[in-house]
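Student: Per the working numbering, the very first residue in the sequence shown carries number 22; after that it's consecutive. We put the beta carbon where it would ideally sit given N, CA and C, even for glycine. For clarity, every value in this text was computed on a predicted model and none was experimentally measured. After the structure tokens below, expect a handful of questions from me.
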Amino acid sequence: MTELQNGAIVKVHYKSGIYIGELMEDRNQNYLVKILAVDKHPMQGDLHNPGQTEDVFFHQRKALSFQEKANIHKQAVHPYEEEDIPDYHTSLRHSVEKLKNKLTRRDTDFNQHALDQLIDLEKQYFG
Numbered sequence: 022m023t024e025l026q027n028g029a030i031v032k033v034h035y036k037s038g039i040y041i042g043e044l045m046e047d048r049n050q051n052y053l054v055k056i057l058a059v060d061k062h063p064m065q066g067d068l069h070n071p072g073q074t075e076d077v078f079f080h081q082r083k084a085l086s087f088q089e090k091a092n093i094h095k096q097a098v099h100p101y102e103e104e105d106i107p108d109y110h111t112s113l114r115h116s117v118e119k120l121k122n123k124l125t126r127r128d129t130d131f132n133q134h135a136l137d138q139l140i141d142l143e144k145q146y147f148g
């Protein structure tokens, strides 16, 4: 794998979300990345028991915030190939809408729980 340089714009997978950010620092097995945009909103629920609602703690998962810094494993960091970096708030809104559309395609207990969490997050994000 090619080592990335500080200041590089990268696409990162973190938990179940995908973000665009600026590489700030090499920290051995991780990179410190400053978040600039959301490409894919994190899925709601228990990541260790996907699709399940019974006998699990159903987590509400927020997207990383604008300019939040996160330690991300090097294997999950890739060069960002696009020319423009999307606006954070526009990208967050788009990623929420995309996930809502996905969750409304099939009427399942899991999808309804996840949609309820996402609607609550939408209120927190956008007032």
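(1) Counting Cβ pairs, one atom from each stretch, are 3 or more of them under 8 angstroms apart for the segment 100–116 and the segment 76–83?
(2) For H110, which three-state DSSP category applies?
(3) With C-beta atoms as the reference, is G38 less than 7 angstroms away from L57?
(4) Who are the Cβ neighbours of T125 in its own chain at under 8 angstroms, not counting the five residues just before and after it?
(5) Relative to the alpha-carbon of D60, which residue among E118, R127, L53, N92 has its alpha-carbon at the smallest distance?
(6) Below 7 angstroms between beta carbons: does that hold for L120 and H34?
(7) What does DSSP give as the partner residues of G42 in its beta bridges?
(8) Look at the alpha carbon of Y109 and the alpha carbon of F87, and state the distance between them as a whole number of angstroms.
(9) Report the CB separation of L44 from G28 in whole angstroms; it is logged as a contact under 8 angstroms.
Tutor: According to the structure shown:
(1) no
(2) Locating residue 110 in the sequence shown gives position 89, where the first residue counts as 1. If DSSP states are grouped into helix, strand and coil, H110 belongs with the helices.
(3) Start at 1 with the first residue of the sequence shown, and residue 38 comes out as number 17. Start at 1 with the first residue of the sequence shown, and residue 57 comes out as number 36. In this structure, L57 does not lie closer than 7 angstroms to G38 by Cβ.
(4) Counting from 1 along the sequence shown, the entry for residue 125 is found at position 104. Excluding positions up to five away in sequence, the list reads N132, L136.
(5) Mapped onto the sequence shown, residue 60 falls at position 39. Checking every option, the nearest Cα to that of D60 belongs to E118.
(6) Translated into the one-based positions of the sequence shown, residue 120 becomes position 99. Translated into the one-based positions of the sequence shown, residue 34 becomes position 13. No, the Cβ-Cβ distance between L120 and H34 is not below 7 angstroms.
(7) By 1-based counting over the sequence shown, the position of residue 42 is 21. According to DSSP, G42 bridges with V31, I56.
(8) One-based indexing of the sequence shown puts residue 109 at position 88. One-based indexing of the sequence shown puts residue 87 at position 66. Those two C-alpha atoms are separated by around 6 angstroms.
(9) Within the sequence shown, the letter at position 23 stands for residue 44. Within the sequence shown, the letter at position 7 stands for residue 28. That belief holds up - the Cβ atoms of L44 and G28 are roughly 7 angstroms apart, short of 8 angstroms.
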